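I have placed the structure first, in the form of structure tokens, so that the comments after it can refer back to it.
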Amino acid sequence: MTTVTREDFSCAAATDESAYRRVTVPVLRIDAGPGPAVALMAGVHGDEWEGQAAILELWHQLPGILNRGTVYLLPAANAEASLAGRRLSPNDGGNLNRAFLGHPARGYTESVAAALEAKLLPRVQALVDVHSGGASLRYLPSSVITRYGQDALDPRLPALARAFGLPHCIFFRGTEAGSMPAAASRHGVLRLSAEIGGGAETGQALVDRCREGLLGCLNELGLLDRELARPDPPALYDLDAPAATLRAHGPGVFIPGVELGQRISARQRVGRLIEPARPDMPAHTLLSPQAGTVLCLRAIARSDDGDCLLQAAPALPLDSLSSLY
Ligand SMILES: [Zn+2]
Numbered sequence: 011m012t013t014v015t016r017e018d019f020s021c022a023a024a025t026d027e028s029a030y031r032r033v034t035v036p037v038l039r040i041d042a043g044p045g046p047a048v049a050l051m052a053g054v055h056g057d058e059w060e061g062q063a064a065i066l067e068l069w070h071q072l073p074g075i076l077n078r079g080t081v082y083l084l085p086a087a088n089a090e091a092s093l094a095g096r097r098l099s100p101n102d103g104g105n106l107n108r109a110f111l112g113h114p115a116r117g118y119t120e121s122v123a124a125a126l127e128a129k130l131l132p133r134v135q136a137l138v139d140v141h142s143g144g145a146s147l148r149y150l151p152s153s154v155i156t157r158y159g160q161d162a163l164d165p166r167l168p169a170l171a172r173a174f175g176l177p178h179c180i181f182f183r184g185t186e187a188g189s190m191p192a193a194a195s196r197h198g199v200l201r202l203s204a205e206i207g208g209g210a211e212t213g214q215a216l217v218d219r220c221r222e223g224l225l226g227c228l229n230e231l232g233l234l235d236r237e238l239a240r241p242d243p244p245a246l247y248d249l250d251a252p253a254a255t256l257r258a259h260g261p262g263v264f265i266p267g268v269e270l271g272q273r274i275s276a277r278q279r280v281g282r283l284i285e286p287a288r289p290d291m292p293a294h295t296l297l298s299p300q301a302g303t304v305l306c307l308r309a310i311a312r313s314d315d316g317d318c319l320l321q322a323a324p325a326l327p328l329d330s331l332s333s334l335y
């Protein structure tokens, strides 16, 4: 028999106007008997909507279909940022995906991270943490694998990425000790992420792909008995390679000349930075830093020095993951 309980976190979020204010982070525990415990999470960045919408759908659907094990659903891990439609916490400007630092919490964002680290990660064996491009970027829908050196769980990551069902998988090196996947790795939790959509908007088709990806992961982890056609392995893209990212080197309006998913060659023209208020200033032509597939584009035209404008990388076979760190 399946039981459903609320296990919300209440996190201190004081402001000048409200000394003892607290923010509730909604958590649903769905228990369907013996089996693995898995957390499905979104809204670590509050302006990333696909995962938040998909997990809210599962909040209502999953109790009726879970076959075994326990699932924790967190549709809006940074609840305050989600309510405000912001990437970072409005309360203290914190980035929840950099707040898992292991010292006592100094403010709202770190208290959410501390609650996740104390109350969630010790209880689960696997975590799927869905992100997107948020307001400033758009991603080609992709699963995401982050490696932290020799993590004993790494050999299981390709099967989980394949079960998510998207044809693309991004690889990152885990250099951010304060990130959610880094905390999961420290706790011995198998983890997969995703980057789906962005540009401060979303749509049902992206939400559907995200929800099916999460269900595919639960199936792979043994919590569902779905008869699924096994998707082809996704292509793997190393977005941590320095040549994968094209940044602005000065202010301008970004006019991309390529689309997400487009294959480009090295030094190909991929767009321009223009300055309409300074018509005598020549446009700055942007060249691809390397050959590959366009996986990420800046979604806000007005740009400045250091902004990420485009990410592209060549497709690698998924089984090359073991050699990437
Ligand atoms: Zn994010």
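To convert a position in the sequence shown, counted from 1, into the working numbering, add 10.
We treat Cβ as the ideally placed atom computed from N, Cα and C, and that holds for glycine.
Here the structure is a predicted model, which is why all the values come from computation and not from measurement.
Taking 7 Å as the cut-off, one finds at least one heavy atom of ligand 1 near enough to the beta carbon of residue 144.
Taking 7 Å as the cut-off, one finds at least one heavy atom of ligand 1 near enough to the beta carbon of residue 58.
With a threshold of 16 other beta carbon atoms within 10 Å, residue 30 falls short and is exposed. For residue 54, the distance from the CB to the nearest heavy atom of ligand 1 is below 7 Å. For the beta strand (DSSP E) assignment, the uninterrupted runs of no fewer than 3 residues enclosed by the stretch 221-261 are, from N- to C-terminal side, 245-248, 255-257. Residue nearest to residue 25 within the set 185, 213, 296, 90 is 90 (criterion: CA-CA distance).
According to the DSSP secondary-structure assignment, residue 82 is paired through a beta bridge with 39, 49.
If you ignore the 5 residues before and after residue 41, its C-beta comes within less than 6 Å of the C-beta of 13, 80, all in its own chain and listed in chain order. At the C-beta level, residue 106 and residue 94 stay beyond 8 Å of one another.
By the neighbour-count criterion, in which a residue is buried when 16 or more other Cβ atoms sit within 10 angstroms of its Cβ, residue 332 is exposed.
Ligand 1 has no heavy atom closer than 7 Å to the beta-carbon of residue 88. Secondary structure of residue 142 (DSSP, three-state): coil. Closer than 7 Å to some heavy atom of ligand 1: that does not describe the Cβ of residue 229. Under DSSP, residue 202 forms a beta bridge with 138.
Taking 8 Å as the cut-off, the Cβ atoms of residue 60 and residue 220 count as close.
Residue 11 counts as exposed, since fewer than 16 other beta carbons sit within 10 angstroms of its beta carbon.
Here residue 194 is near residue 131, since their CB atoms are less than 8 Å apart.
One Cα belongs to residue 197, the other to residue 273, and the distance between them is close to 38 Å.
Looking at the DSSP output, residue 15 sits in a beta bridge with 39. Here the C-alpha atom of residue 240 lies approximately 10 Å from the C-alpha atom of residue 230. Here residue 162 is exposed, its C-beta having fewer than 16 other C-beta atoms within 10 Å. Three or more pairs of CB atoms, one per stretch, sit closer than 8 Å, so the stretch 51-58 contacts the stretch 141-161. Membership of residue 61 in the alpha helix (DSSP H) is indicated by the continuous run 59-71. In this structure residue 184 touches residue 158 by the C-beta definition: roughly 4 Å separates them, less than 8 Å. Residue 294 is bridged by DSSP to 283.
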